[in-house]
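Undergrad: Handing you this structure, nothing more for now.
Residue numbers (this note's numbering): 8 to 502.
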């Protein structure tokens with residue numbers, strides 16, 4: 008068995024892992040990253056994201072620092088708004104049903120702005136995410152929902168920026184390196200045993216950072232912890248996040264923690280592949296549902312499509328769809344709102360039906376009860392509050408009356424053809440269960456004592472998200488706690 012020695016070993020290869028590695032390196036540590044995937048699939052779930060990051064910001068001047076090449080024309084035609092710490096706290100509390108760990112949540116919120124500026128210093132380039140987070144009303148684009156910028160090149164772009172920064176920082180990256188167990192001396196973690204290629208190697212270190220993702224790509228664990236039917240969900244991201252890092256940490260004495268029966272799961276194209284496709288990224292998603300009517304195979308509506316902004320509902324609606332007949336649903340759009348559809352609706356190969364009449368549309372929606380579908384649309388159209396103005400930038404209150412399943416905002420009649428229907432199923436992004444950490448990113452044992460030399464960040468560091476999450480806060484969470492883990496791991500290793 009061969010061996011290597013470093014100050015800090017990072018297990019994982021996504022945003023949280025690279026943030027940890029870069030932070031450790033800037034604090035004087037010699038660092039190695041163990042990425043389970045081959046180089047062509049590096050980056051974990053981060054590579055499959057839109058690269059957007061939720062963060063506190065004061066307004067235009069903050070955005071200009073993150074996007075220094077913002078043009079005067081863009082500034083003139085855009086209301087970038089702002090996003091305060093109180094708003095971030097409120098969003099976190101509301102969507103997690105007040106279960107988020109208050110101490111970890113405080114760190115996420117208060118350090119979110121600094122995290123984005125730190126990434127900018129490391130070479131990550133940002134752009135405003137006009138197509139995903141703003142609508143043009145009255146000649147001016149207005150951002151909403153607390154998410155304003157994303158990495159150039161989306162998730163793959165973010166990953167490439169981070170790996171380029173790692174190369175500049177002389178961080179060693181081992182690809183096809185599957186960590187198998189933590190090496191311990193007493194209660195102290197002193198390294199990692201991994202299979203690199205086909206060779207077992209011991210990586211000895213002063214500290215280890217676990218940032219190996221959740222267990223969303225493990226069908227057995229999904230069924231065990233999330234419940235029956237979850238083996239049928241499609242995986243939005245990497246095939247390599249199977250819970251191995253979590254299992255290693257728990258075996259070493261870490262405390263299991265968080266929302267093990269919860270996950271981020273959204274509306275995903277029903278004919279997407281079983282795992283994410285890097286060439287497509289996150290574009291199998293269908294996130295303009297708030298302007299649609301959604302029906303299941305029984306021809307019935309089953310959810311309030313306009314309950315809140317997309318950012319606060321999309322991560323929980325995948326679970327709702329998984330519980331529908333056949334684990335599928337259809338989003339129905341009237342021509343009045345085609346212009347509000349996000350870019351992913353134009354993806355070549357999307358499960359899309361277009362017809363001039365509702366009767367012709369439903370004929371092609373395989374498996375749907377046509378008679379009930381047409382009645383559902385008639386009942387819905389009659390219930391729309393047509394006297395309330397429609398405004399996609401705010402919770403406009405243009406809802407329905409008298410329906411068993413209401414639509415609270417953005418209700419428009421489905422009566423002006425042509426019509427479009429998009430077939431969706433459940434796509435799981437990441438799981439909310441993992442190991443417990445403190446605000447210093449130290450992994451805790453069952454007695455809430457730090458396991459000396461062991462730190463964690465990203466999806467497997469649990470306790471921040473429960474039931475749901477505010478959109479684009481996952482990458483921010485990974486960077487915030489990755490920075491902390493890297494700094495503290497480097498300091499511990501020096502001792």
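Backbone N, C-alpha and C fix where the C-beta goes; we use that ideal spot for every residue, glycine too.
Please report the straight-line C-alpha distance between residue 187 and residue 255, rounded to a whole angstrom.
TA: Approximately 7 Å between the Cα atoms of the pair.
Undergrad: Considering only C-alpha positions, which residue in the set 424, 329, 432 and 30 is nearest to residue 363?
TA: Nearest option by C-alpha distance: 424.
Undergrad: Check whether the Cβ atoms of residue 43 and residue 226 lie closer than 9 Å to each other.
TA: It is not a contact, given that the beta carbons lie outside the stated cut-off.
Undergrad: If you draw a straight line from the alpha carbon of residue 154 to that of residue 248, how long is it in whole angstroms?
TA: Cα-Cα distance, rounded: 26 Å.
Undergrad: Here's the rule: buried if 16 or more other CB atoms are within 10 angstroms of the residue's CB, otherwise exposed. What is residue 293?
TA: With 16 or more other Cβ atoms within 10 Å, it is buried.
Undergrad: If contact is defined by three or more beta carbon pairs under 8 Å, each pair taking one atom from either stretch, is the stretch 383-397 in contact with the stretch 446-465?
TA: The stretch 446-465 is not in contact with the stretch 383-397.
Undergrad: Using DSSP's beta-bridge definition, name the partner residues of residue 275.
TA: Residue 275 pairs with 292 and 432.
Undergrad: Going along the chain, which unbroken runs of the alpha helix (DSSP H) with 4 or more residues stay wholly within the stretch 51-83?
TA: Runs found: 67-73 and 79-83.
Undergrad: What first and last residue would you give for the beta strand (DSSP E) that runs through residue 461?
TA: Here the beta strand (DSSP E) through residue 461 covers 457-463.
Undergrad: Tell me, please, which residues DSSP counts as bridged to residue 452.
TA: Answer is 261, bridged to residue 452.
Undergrad: Helix, strand or coil for residue 350? Go by DSSP, reduced to three states.
TA: The answer is helix: DSSP assigns residue 350 an H, G or I state.
Undergrad: Using the C-alpha atoms, what's the distance from residue 416 back to residue 204?
TA: If you take the alpha carbons of residue 204 and residue 416, they lie about 53 Å apart.
Undergrad: Please report how far the alpha carbon of residue 98 lies from the alpha carbon of residue 477, in whole angstroms.
TA: Roughly 7 Å between the two C-alpha positions.
Undergrad: With DSSP collapsed to three states, give me the class of residue 368.
TA: If DSSP states are grouped into helix, strand and coil, residue 368 belongs with the helices.
Undergrad: Rounded to whole angstroms, what is the Cα-Cα separation between residue 273 and residue 405?
TA: Each residue's alpha carbon lies about 24 Å from the other.
Undergrad: Please report the straight-line C-alpha distance between residue 313 and residue 382, rounded to a whole angstrom.
TA: Looking at the two C-alpha atoms, the distance is approximately 20 Å.
Undergrad: Once you ignore the five residues that flank residue 436 on each side, which residues in its own chain have a CB closer than 6 Å to its CB?
TA: The residues are 243 and 271.
Undergrad: Are any of the Cβ atoms in chain B nearer than 9 Å to that of residue 27?
TA: The structure shown has no chain B; it contains just one protein chain.
Undergrad: Looking at the secondary structure, which residues open and close the alpha helix (DSSP H) in which residue 417 lies?
TA: Premise fails: residue 417 is in no alpha helix (DSSP H) and is neither H nor E.
Undergrad: I need the straight-line Cα distance from residue 341 to residue 178, nearest angstrom please.
TA: Each residue's Cα considered, the two are about 52 Å apart.
Undergrad: Apply the 10 Å Cβ neighbour rule to residue 135 and answer buried if 16 or more other Cβ atoms are within range, or exposed otherwise.
TA: Looking at its Cβ environment, which holds 16 or more other Cβ atoms inside 10 Å, residue 135 is buried.
Undergrad: Which residue comes first and which comes last in the beta strand (DSSP E) that contains residue 379?
TA: Unbroken run through residue 379 is the alpha helix (DSSP H), 377-390; no beta strand (DSSP E).
Undergrad: Could you name each continuous beta strand (DSSP E) segment of 3 residues or more that falls completely within the stretch 145-200, going from the start of the chain to the end?
TA: As far as the stretch 145-200 is concerned, its whole beta strand (DSSP E) runs of at least 3 residues are 147-150, 156-158, 179-181 and 184-192.
Undergrad: Determine the burial state of residue 144: buried for a count of at least 16 other Cβ atoms within 10 Å of its Cβ, exposed for fewer.
TA: It counts as exposed.
Undergrad: Is any non-hydrogen atom of the ligand FMN found closer than 8 Å to the C-beta of residue 394, if you look at the structure I gave you?
TA: Because no ligand of any kind appears in the structure shown, any question about the ligand FMN cannot be addressed here.
Undergrad: Measure the Cβ-Cβ separation of residue 170 and residue 25 and say whether it is below 9 Å.
TA: Going by C-beta atoms, residue 170 is nearer than 9 Å to residue 25.
Undergrad: Within its chain, find whatever has a CB closer than 8 Å to the CB of residue 409; leave out the 5 residues flanking it on each side and keep chain order.
TA: Hits under 8 Å: 390.
Undergrad: Could you check if residue 92 is buried or exposed, using at least 16 other CB atoms within 10 Å of its CB as the buried criterion?
TA: Burial call: exposed.
Undergrad: Excluding sequence positions up to five away, which residues of its chain have a Cβ less than 6 Å from the Cβ of residue 493?
TA: Around residue 493: 27, 30 and 31.
Undergrad: Along the chain, where does the alpha helix (DSSP H) that runs through residue 486 open and close?
TA: Here the alpha helix (DSSP H) through residue 486 covers 480-501.
Undergrad: With DSSP run on the structure shown, which of helix, strand or coil describes residue 335?
TA: Coil, per DSSP.
Undergrad: What are the residues that DSSP puts in a beta bridge with residue 135?
TA: Answer is 156.
Undergrad: Report yes or no: do three or more beta-carbon pairs, one from the stretch 48-63 and one from the stretch 278-286, lie closer than 8 Å?
TA: As far as the Cβ criterion goes, the stretch 48-63 touches the stretch 278-286, which means the pair count is three or higher.
Undergrad: Out of 451, 301 and 479, point me to the one whose CA is closest to residue 470's CA.
TA: Comparing Cα positions, the closest option is 451.
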